[in-house]
Each structure stands twice: as structure tokens, then as C-alpha cells.
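With the first letter of the sequence shown counted as 1, position 256 gets the number 636 in the working numbering; the numbers rise by one all the way through. Report on the structure given below.
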Amino acid sequence: MSESKLFTPFKLGPITLRNRTIRSAAFENMCYGNKPSQDLFNYHTSVSKGGIGMTTIAYCAVNRNGVSFDGQLWMREEIIPELKKLTDAIHAEGAKASIQLGHCGNMTHYYTCGGMPVGASSGFNLYSPTIMRGLKVSEINDLVKDFGKAVDMCRTAGFDCVEIHAGHGYLISQFLSPYTNHRKDEYGGSLDNRMRFMRQVLKEVMQHAKNDMAVIVKTNMYDGFKGGLELPDCLTVAKEIEKCGVHGIVLSAGFVSKAPMQVMCGAMPLKTLGHYMSPWKFWWLKAGLKVVGRKMIPTVPFKEAYFLEPALKFRAEIKCPLIYVGGIVSRAKIDEVLDKGFELVQMARALVHDPEFVNKMKESDSSYRNGCKHSNYCIGRMYTLEMKCHHCVENLPKSLEKEIEEAEAKL
Ligand SMILES: Cc1cc2nc3c(=O)[nH]c(=O)nc-3n(C[C@H](O)[C@H](O)[C@H](O)COP(=O)(O)O)c2cc1C
Ligand code: SF4
Numbered sequence: 381m382s383e384s385k386l387f388t389p390f391k392l393g394p395i396t397l398r399n400r401t402i403r404s405a406a407f408e409n410m411c412y413g414n415k416p417s418q419d420l421f422n423y424h425t426s427v428s429k430g431g432i433g434m435t436t437i438a439y440c441a442v443n444r445n446g447v448s449f450d451g452q453l454w455m456r457e458e459i460i461p462e463l464k465k466l467t468d469a470i471h472a473e474g475a476k477a478s479i480q481l482g483h484c485g486n487m488t489h490y491y492t493c494g495g496m497p498v499g500a501s502s503g504f505n506l507y508s509p510t511i512m513r514g515l516k517v518s519e520i521n522d523l524v525k526d527f528g529k530a531v532d533m534c535r536t537a538g539f540d541c542v543e544i545h546a547g548h549g550y551l552i553s554q555f556l557s558p559y560t561n562h563r564k565d566e567y568g569g570s571l572d573n574r575m576r577f578m579r580q581v582l583k584e585v586m587q588h589a590k591n592d593m594a595v596i597v598k599t600n601m602y603d604g605f606k607g608g609l610e611l612p613d614c615l616t617v618a619k620e621i622e623k624c625g626v627h628g629i630v631l632s633a634g635f636v637s638k639a640p641m642q643v644m645c646g647a648m649p650l651k652t653l654g655h656y657m658s659p660w661k662f663w664w665l666k667a668g669l670k671v672v673g674r675k676m677i678p679t680v681p682f683k684e685a686y687f688l689e690p691a692l693k694f695r696a697e698i699k700c701p702l703i704y705v706g707g708i709v710s711r712a713k714i715d716e717v718l719d720k721g722f723e724l725v726q727m728a729r730a731l732v733h734d735p736e737f738v739n740k741m742k743e744s745d746s747s748y749r750n751g752c753k754h755s756n757y758c759i760g761r762m763y764t765l766e767m768k769c770h771h772c773v774e775n776l777p778k779s780l781e782k783e784i785e786e787a788e789a790k791l
């Protein structure tokens, strides 16, 4: 193995990261009232202090209509001063600040997005659950502009980078996937047509990012179910993203309204998920979970660096910097991923478990391992409460402790 690149700087477009690590966009559910909070501030400053190269504020909608949780950000003028305090604090710790921008489309809900949810096409989404209306072309054009305006606001708020969410079955991905796009106009049909919305968004984003902000895109290597996008089409999508001149691509997979655990692998902790959901607000989901939970959210086997094999197929054909994400918990695996040609690695759960993971790797030898054992408690909890690892929660109910123990024992 060659000398480790992990603690060497990397130039991502116009910005330079102090090392090869990025805290991936992992929804914090800490933006109570859709605004930044002290909890959000504390978490991202702790990860920055913990040595990360760049931290990503997750899942920010470009407009009100794209919001799927009460604790989710939507970019607007009034939150810029609070965001600026956050990016200043991140910078003071030596890290760069990124923010994931997107629109939840058919994963929104009437109560969170302030009206009728919209998507690539009209229909019903059992996972929200909601009916949605297909976007008109004039609305698509407005939405594209909203991405550009959001980038401008991110610059004013001090962000160094924006990550466009084009995967996981959110709006751009809903246009890309034949499962959710049944349009008969120039935005539907062929893959080239289905990529039109993404191309428009990326063109707008690149114009607004000018030459001082980095732009990365999170995209799928496959949707993860029959009828969704398969790897060859996703490779075409990644090449199209590269052509748009972005500075890096994050390779992920999965579709929240059909194959959610493809994103994170392992099992969804159904007891945890149901335990925290408010019975009056989510009665339909609580009832559904008991009856068909495991069928609706099937388990996907977890292994360390579970996306490495497909990601290597992309590495062979894409020239722009590639950012590996998925199942990273050890120094040895990070070194292996970097050695195989990925420029950067993103991590979510390792940094939920231990915000100081990066510094601890620096201070230890190459056998250092993070303590996350992928119970996925944090995922089940995040749907209702602020993101937290189970070891930071006092007085966990016995049934949830048992669910965690059983999940950890299976790995
Ligand atoms: C609690 C939690 C919330 C997540 N929220 C998001 C999100 O908002 N946007 C996103 O693109 N991915 C999200 N993810 C997926 C992660 O960014 C990452 O792709 C995935 O967890 C695999 O990385 P890991 O094995 O290092 O956790 C989330 C993951 C977790 C654990
Ligand atoms: S709750 Fe479980 S999966 Fe989540 S970070 Fe903690 S140990 Fe890892």
C-alpha cells in the first residue's frame, strides 16, 4: 500500500480541504421551525473540531414547497445571519462548510410543504404518504431559478461548497427514474429527456457558484429495485453530471420511497421508528409499520465500504473527483478507498457515533476503528427527533436497547 493520502490536502474546485474527509449530508432534524438551532451549531462545530476536512449541513430545501420535515431547513433570507454564525464557527475550527441543496418532491407532505406536494408526475406515494401533482413546465423553470437563488444565499451565509442532491428518490432523482417519471413531454420518456431537469439545475447552479464556490453532486449508482434506474443508466447520468463542469460527484444508491435501506444498508429499526413517532401525527405510519414494516423497508446486508464494488465501475469511466460514501468505519478502509483512486471519502454514521473520529485516526495507528456497529438507531430516531447516537441517549426503553443489541449482534 502506498503512503496514506488521508491527511493530505485536496483542492476541490476553487477550495482546498485540509484532508480527504467530508461529513456527509445526514439529516440532523435539528432545524426546529425550519431554522438553524443551537443543536445544529453544536453538532457541526464538534465535527469540525474533530478534524473533518469539510462538514455538510444536510437536506436543505431550495424552497418552502420542497420541505418534508418540520426540522428541516429551507433556504431563505431570514436564516442567513444564523447560518453565517455557523459557517464562521466551522471555519474557526479549520474545516470547510458545505450544504446539501435539494427538493423532496413526492416525499414532502401537505403539512410540511405548505400545499399540495409536487413531483415529476402525478400519483400517490405510499411512503410519505401523499398524493402529488406533476409539475408544470413553468413551475420547473421557476424551481431551477430557486436552485440558483439558494446558491447565492449560501455564498452570503459563508458556505464554501454546495452539494446538489440528485439521488435517493428526491425531486431530481424522481425526474431521472422511470419509476417516478411518466411524463409525456420533453422531461419524460428517453433518459436524455429525463436528465433535462437535472441539466437545467446544474447549469443554473454552476452559473451562480461562479468561480469561488465548489459544487458537488450526490447521485445514484442504482435505484435498488426492479423498475428503477440500473447501473448503466446511472453511469450515463454521472457522465452528464461531469459534463456540467461540477467539481466532484458523490456516489450513492437507493430510493427513499421504494428501497430506503439501499442507501445505508443494514436493517431499519422498526421499534425505534414507531416508538418516537407521535400517534396523532403519524397514526397511518405507526399502524402500517406494525403490519407491513419489514416488507415495506426490507433489510439490505451491511458490509464495510458496501458501495466500493459499483463505485469502482464509475471510477473507471469518470475523470472528475469522486467522493466515496457508504459504510466507512476504519482507517484501513479509508486508505484502501483512497488508494483505489477516490479523491475524498464521506462518512455519516461514524461521525454521528464519534464527532472526533478524524482526529482519533490521526493520533492512532492504521488499525484504528470507529465504534459504530450499525444498529441504525440514529436513522429510526431521526424521523421524529434530533439526530443522536444511542450511546448519547439516557434511559432508553428496554425494548429499544434490545433492538440495538440484536442488530449489533447480527453484524
Ligand atoms: C441519520 C442519517 C440521516 C441521513 N440523511 C441524509 C440526507 O439528509 N441526505 C443524504 O443525501 N443522505 C442522508 N443519509 C445518508 C448518508 O449521507 C450516507 O450516504 C449513508 O449513511 C452512508 O454513509 P455511512 O455508512 O457513513 O453512514 C443519512 C444517513 C443517516 C445515518
Ligand atoms: S446509533 Fe448505531 S448506527 Fe447510529 S451512529 Fe450510533 S452506533 Fe452507529
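Cβ atoms here follow ideal geometry from the backbone N, Cα and C, with glycine treated the same way. A quick note: this is a predicted structure, and the numbers were derived from the prediction, not measured.
Who sits around ligand 2, taking every residue whose Cβ is closer than 6 Å to one of its heavy atoms? Arg729, Val732, His733, Cys752, Lys753, His754, Ser755, Asn756, Tyr757, Cys758, Cys769, His770
Leu352 and Leu631 look like a contact to me (Cβ under 8 Å); what is the Cβ gap, rounded to whole Å? Given that the chain is displayed from residue 381 to residue 791, the structure contains no residue 352 and the question cannot be resolved.
Closest to Cys752 by C-alpha separation, out of Val498, Phe577, Ala728, Gly569, would be which residue? Ala728
Ignore the nearest five residues each way along the sequence and tell me which others in Met586's own chain have a CB closer than 8 Å to its CB. Val595, Cys624, Gly625, Val626
Beta-carbon spacing of Val542, Leu481 below 8 Å: yes
Reduced DSSP category for Ser426 - H, G, I as helix; E, B as strand; rest coil: helix
Let me know the secondary structure DSSP gives Lys699 once reduced to three states. coil
Compare the beta carbon distance of Cys411 and Leu453 with 8 Å and say whether it is the shorter of the two. yes
Just reading off the beta strand (DSSP E) that Phe504 is part of, what are its end residues? 503–505
Ligand 1 and Tyr352: does any heavy atom of the ligand fall closer than 7 Å to the residue's C-beta? No statement about residue 352 is possible, as the shown extent of the chain runs from 381 to 791 and does not include it.
Roughly how many whole angstroms lie between the Cα atoms of Arg579 and Thr560? 18 Å
In terms of residue numbering, what span does the alpha helix (DSSP H) encompassing Phe527 cover? 517–536
Nearest-angstrom Cβ-Cβ length linking Arg749 and Ser710, presumed shorter than 8 Å: 5 Å
Beta carbon of His627: closer than 7 Å to some heavy atom of ligand 1? no
Spatial neighbours of Asn739 in its chain, beta-carbon cut-off 6 Å, leaving aside the 5 residues before and after: Gly430, Gly431
Determine contact between the segment 475–491 and the segment 423–443, defined as no fewer than three beta-carbon pairs at a distance below 8 Å. yes
In or out: Gly607 buried (at least 16 other Cβ within 10 Å) or exposed? exposed
Taking contact to mean at least 3 C-beta pairs separated by less than 8 Å, is the segment 699–718 in contact with the segment 758–768? no
Within 8 Å, do at least three Cβ pairs link the segment 631–640 to the segment 534–554? yes
How about Asn399 and Phe449: are their beta carbons less than 8 Å apart? no
In this structure, how does DSSP classify Tyr757 when only helix, strand and coil are distinguished? helix
Thr679 versus Gly646: straight-line alpha-carbon distance, rounded: 6 Å
If I measure Cβ to Cβ from Ile511 and keep anything under 6 Å in the same chain, skipping five residues before and after, which residues do I get? Phe504
Below 8 Å on the Cβ atoms is my contact criterion, and I expect Ile703 with Ile629 to pass it. Report the Cβ-Cβ distance as a whole number of Å. 7 Å
What does the alpha-carbon distance come out to for the pair Phe682 and Leu791? 8 Å
Name the one or two DSSP bridge partners that Val542 has. Ile479, Val595
May I have the straight-line CA-CA distance separating Met657 from Gly451, to the nearest angstrom? 14 Å
I'd like to know whether the C-beta atoms of Pro612 and Glu783 end up nearer to each other than 8 Å. no
Please tell me whether, using a cut-off of 7 Å, the distance from the CB of Gly706 to the nearest non-hydrogen atom of ligand 1 is below it. yes
Considering just the uninterrupted stretch of the beta strand (DSSP E) at Phe390, what are its terminal residues? 390–392
Return yes when the Cβ of Ala633 is within less than 8 Å of the Cβ of Val617, no when it is not. no
Find out if the Cβ-Cβ distance for the pair Gly499, His588 is shorter than 8 Å. no
Return the chain-ordered list of same chain residues with a C-beta closer than 8 Å to the C-beta of Tyr490, the five sequence neighbours on each side being excluded. Met496, Pro497, Thr510
Is Leu397 helix, strand or coil by DSSP? strand
Per-residue DSSP class, three states only, for Cys440: strand
If you follow the alpha helix (DSSP H) that Ile511 is in, where does it begin and where does it stop? Ile511 -> not in any alpha helix (DSSP H); beta strand (DSSP E) instead, spanning 510–514.
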